[in-house]
Amino acid sequence: MQSIAFQNFLGLVLLTKPIYLSSLSTAMSENQTPQGIEREVKTMGGAAIDGAPIAYIIVLASVATVLAFIPFSIVLGSGKGIPLSQSIYPLLGWLLGPWAGALASGMGTLIGVFLAPYTAGVPAIAIWGAAIASFAAGAMGDHPKRKYWYLVLTILFILELAAYAYLAIARNGIPVNTFILGAFVDWSAVILFVLPTRTLFARLIGNSNFVEVAIGIFGGTWMICGLAHLSQVPFTYYLFNWPEPVWNMLIPVIPIENTMRGLSGAVIGTGVISGLRAINLVKPKEAIY
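Here it is as structure tokens:
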């Protein structure tokens, strides 16, 4: 009888020993300070371009293609519509970074040329404008290795503005004051890009307050879309050479169109960024949102 009782007691001890040791180990780990150098654990990602997963690029290129079907204004001279996708070209740069954003917007515009030709304009010029818009938007951040990229872009934009002025004033005889008013969106965008407003808009877009995010997206979209317009207009003006009466008509129209891009970009962009933050999706390496 005593032997049976001893065996039962021994079995109970063996059964409860792992639980006791586990509790003791947990208590010791909670009371001890970890030793050694802190290490960061990273998961290995799939294929990426400039730190942005290819899947992200494909999805956002598809969004640009879909919005290419929706016109919101008319291009004088060509008679074709201005696509709503122009409003999100800066957003693609902020979400993906300069190279990946330029690739996504360029791909989306290229596909839109074939599927929605009524908003394509001159295809090569449309693709160039989309790509440079996303690239310039992605280069707005203060990445240590890319903080001087804006200087190269500024030189490019100044050369384009000089070419535009030469074609209008020197070759076609447009009055200087008419050119200044007609190109307001273009030269104001260059000034905003050179001044600290460039980094201010980038900081606002990365802010946690969505009111400030919307303000940053609106200002950034106005600036970047103005630069995209500047990158396209020397080529389109060389092709169409619109006369002074058309310049006078465009003076109030172009700022209104750019404001519409800013507003639609702010609405779409704020919703997209808030959604991405809510689902805690992994950010591309060069994203600034």
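For what it's worth, this note's numbering labels the leading residue of the sequence shown as 765, then goes sequentially. Even for Gly, the Cβ is constructed at its ideal location relative to N, Cα and C. Treat the numbers as computed from the prediction; the structure is a model and nothing was measured.
Neighbourhood of residue i by C-beta, 7 Å cutoff - its chain only, sequence neighbours within 5 removed
{"i": "residue 804", "result": "Only weak support is given to the placement of residue 804: the predicted model assigns it a pLDDT of 49, under 50, and the value that follows is read from those uncertain coordinates. Closer than 7 Å at Cβ, skipping near neighbours: no residue."}
{"i": "residue 870", "result": "891, 894 and 895"}
{"i": "residue 990", "result": "949, 950, 952, 953 and 1022"}
{"i": "residue 945", "result": "1015"}
{"i": "residue 806", "result": "Model confidence at residue 806 stands at a pLDDT of 46, short of 50, so the residue's coordinates are unreliable and nothing is read from them."}
Coil, strand or helix - residue i by DSSP
{"i": "residue 815", "result": "coil"}
{"i": "residue 833", "result": "coil"}
{"i": "residue 1021", "result": "helix"}
{"i": "residue 826", "result": "helix"}
{"i": "residue 913", "result": "helix"}
{"i": "residue 905", "result": "coil"}
{"i": "residue 1014", "result": "helix"}
{"i": "residue 1007", "result": "coil"}
{"i": "residue 1053", "result": "coil"}
{"i": "residue 937", "result": "coil"}
{"i": "residue 1046", "result": "coil"}
{"i": "residue 926", "result": "helix"}
{"i": "residue 953", "result": "helix"}
{"i": "residue 884", "result": "coil"}
{"i": "residue 770", "result": "For residue 770, the predicted structure reports a pLDDT of 38, less than 50, and the residue's modelled location is therefore unreliable. A value from the coordinates is still provided. Helix."}
{"i": "residue 1039", "result": "helix"}
Where the beta strand (DSSP E) containing residue i begins and where it ends
{"i": "residue 845", "result": "845-847"}
Cβ-based burial, residue i [other Cβ within 10 Å; buried from 16]
{"i": "residue 1013", "result": "exposed"}
{"i": "residue 950", "result": "buried"}
{"i": "residue 1009", "result": "exposed"}
{"i": "residue 1048", "result": "buried"}
{"i": "residue 995", "result": "buried"}
{"i": "residue 938", "result": "buried"}
{"i": "residue 861", "result": "buried"}
{"i": "residue 1039", "result": "exposed"}
{"i": "residue 1025", "result": "buried"}
{"i": "residue 1045", "result": "exposed"}
{"i": "residue 853", "result": "buried"}
{"i": "residue 962", "result": "buried"}
{"i": "residue 882", "result": "exposed"}
{"i": "residue 966", "result": "buried"}
{"i": "residue 1043", "result": "exposed"}
Unbroken alpha helix (DSSP H) run spanning residue i, endpoints
{"i": "residue 869", "result": "862-879"}
{"i": "residue 888", "result": "887-902"}
{"i": "residue 1001", "result": "974-1004"}
{"i": "residue 963", "result": "961-969"}
{"i": "residue 946", "result": "940-946"}
Cβ shell of residue i (< 6 Å), same chain only, five flanking positions each side left out
{"i": "residue 877", "result": "884 and 887"}
{"i": "residue 999", "result": "889"}
{"i": "residue 872", "result": "825, 828 and 829"}
Whole-Å CB distance - residue i paired with residue j, under 8 Å assumed
{"i": "residue 897", "j": "residue 833", "result": "About 19 Å separates the two Cβ atoms, so there is no contact after all."}
{"i": "residue 849", "j": "residue 828", "result": "5 Å"}
{"i": "residue 864", "j": "residue 821", "result": "5 Å"}
{"i": "residue 868", "j": "residue 825", "result": "4 Å"}
{"i": "residue 1005", "j": "residue 941", "result": "Residue 1005 to residue 941, Cβ: 19 Å. No contact."}
{"i": "residue 1053", "j": "residue 858", "result": "5 Å"}
{"i": "residue 914", "j": "residue 957", "result": "7 Å"}
{"i": "residue 835", "j": "residue 818", "result": "In fact, because the Cβ distance is near 30 Å, the residues do not count as touching under 8 Å."}
{"i": "residue 943", "j": "residue 932", "result": "5 Å"}
{"i": "residue 928", "j": "residue 997", "result": "6 Å"}
Sequence-distant residues of the same chain with beta carbon closer than 8 Å to residue i, five excluded per side
{"i": "residue 1034", "result": "974, 977, 978 and 981"}
{"i": "residue 993", "result": "893, 949, 950, 953, 1018 and 1022"}
{"i": "residue 855", "result": "901, 981, 985, 1029, 1032, 1033 and 1036"}
{"i": "residue 907", "result": "1050"}
{"i": "residue 971", "result": "977 and 980"}
Residue i Cβ short of 7 Å to the ligand COA heavy atom set
{"i": "residue 912", "result": "In the structure on display, the ligand COA does not appear, and there are no ligands present to speak of."}
Beta carbon proximity, residue i to chain B, threshold 8 Å
{"i": "residue 906", "result": "In the displayed structure, chain B is absent; only one protein chain is listed."}
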